[in-house]
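Accompanying notes for the structure given below.
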Amino acid sequence: METLQNYKLLIDADCPMCRLYGNAFENNGLIDKGTSSPYQTVDLSVSNLVDMNRAKNEIAFVNTLNNEVVYGLDAFKIILSNAFPKLSAILNFKPIDWFGRKLYRFVSTNRKIIIPAKSSGNDCTPTLNVKYRIAYLLFVAVFSSLIIYNYSTSINQMMGWKSSIYRELIMCFGQIIWQTIFLNKILKTKFWDYIGNMMTVSMIGTILLLPMLIFNTSSIVHLVYFMMVVSVMLLEHLRRCKILEIGIMPTILWVAYRITFLLLIGLLQ
């Protein structure tokens with residue numbers, strides 16, 4: 015495998031996801047050491063070649079020999095095709111290319127709500143794309159509902175409650191509606207960032223539940239583990255609200271909704 019040299023992969027120093035894949039490319043020998051460079055500290059001779067408005071949404075990959083710049087998925091395709099030449103035809107196959115661009119845009123647009131970080135004031139925040147943000151909310155809500163439905167079956171039996179996928183869907187989508195009603199006008203420009211972070215907290219909780227689906231444990235163990243996961247989610251929700259500098263009110267409403275929903279379930283059974 016030949017390592018790409020004489021390139022600069024411009025990443026955002028304040029973006030954990032950007033640093034993650036930049037380091038992964040370097041550590042696995044796909045690009046030369048030092049290729050992944052924060053645009054905040056890279057030489058002006060390199061950064062001046064880049065359209066920073068485009069680089070907010072698509073990673074910039076600069077050839078320092080001919081000053082050519084490619085962005086986003088095209089940058090990844092160059093890196094991967096160089097390391098694995100047989101992948102080139104697959105990556106350039108039109109349906110794969112189309113799906114890859116959609117997936118790249120989906121992840122790139124939502125990258126700072128998936129893995130947030132405190133901004134230094136000179137970050138490269140992606141442009142809000144409401145379509146992709148809503149798609150993210152829908153994806154997490156449906157995925158979480160399916161996993162919670164399967165996970166909670168034994169707990170529901172212990173509590174004497176009926177399991178229902180529709181109830182889990184109502185709970186997940188209801189949380190979005192609840193937070194929107196109370197926080198949309200209060201958070202203003204930070205609302206879309208908050209609601210995305212909130213759903214990432216749900217995704218984290220869902221992922222933590224997955225291992226327990228493998229084991230045939232008792233209902234009590236499932237319930238105790240579920241309570242532990244909810245505690246982790248609460249702490250993560252607080253941490254993300256602190257990063258966004260939006261105070262404790264969103265967390266209070268988040269907890270209030272879940273308590274209210276559980277009480278309603280108990281009353282309606």
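Letter by letter, the sequence shown follows residues 15 to 283 of our numbering.
For every residue, glycine included, the Cβ atom is placed at its ideal position computed from N, Cα and C.
Quantities reported herein were computed from a predicted structural model and do not represent experimental measurements.
Residue i and residue j closer than 8 Å at C-beta
i, j, result
"G86", "Y150", "no"
"A89", "F75", "yes"
"L227", "N124", "no"
"T17", "D46", "yes"
"V305", "L63", "Outside the shown range of the chain, which is 15 to 283, sits residue 305, and nothing can be said about it."
"T214", "I161", "no"
"K204", "I262", "no"
"Q171", "L267", "no"
"S138", "C29", "This sequence places Cys at residue 138; Ser is not what is there. Yes, they are a contact pair."
"K70", "P140", "yes"
"L24", "I73", "yes"
"L223", "V243", "yes"
"S166", "I179", "no"
Any chain C beta carbon closer than 8 Å to residue i
i, result
"A27", "Protein chains in the displayed structure number just one, and chain C is not present."
Residue i in three-state terms, based on DSSP
i, result
"K22", "strand"
Buried or exposed by the 16-neighbour rule on C-beta atoms within 10 Å, applied to residue i
i, result
"S122", "buried"
"Q189", "buried"
"G280", "exposed"
"F107", "exposed"
"T287", "Because the chain in this structure spans residues 15 to 283, residue 287 falls outside the shown range and cannot be described."
"M212", "buried"
"T49", "buried"
"S232", "exposed"
"D65", "exposed"
Handout entry: Runs of alpha helix (DSSP H) lying entirely within the stretch 140-190, each at least 4 residues, in chain order
Key = Uninterrupted alpha helix (DSSP H) stretches at least 4 residues long and entirely within the stretch 140-190 occur at 144-165 and 167-173, given in chain order.
Exercise for the section: Could you pull out every unbroken beta strand (DSSP E) segment of at least 3 residues lying fully inside the stretch 29-78, listed in chain order? Expected result: Those beta strand (DSSP E) runs which fall completely within the stretch 29-78 and span 3+ residues are 50-52 and 74-77.
Exercise for the section: Determine, using beta-carbon pairs with one atom in the stretch 188-205 and one in the stretch 106-117, whether at least three such pairs fall under 8 Å. Expected result: Three or more Cβ pairs closer than 8 Å define a contact, and the stretch 188-205 falls short of that threshold against the stretch 106-117.
Problem - Any 3 or more C-beta pairs closer than 8 Å across the stretch 233-250 and the stretch 211-219 - result: Three or more beta-carbon pairs separated by less than 8 Å link the stretch 233-250 to the stretch 211-219, which places the two stretches in contact.
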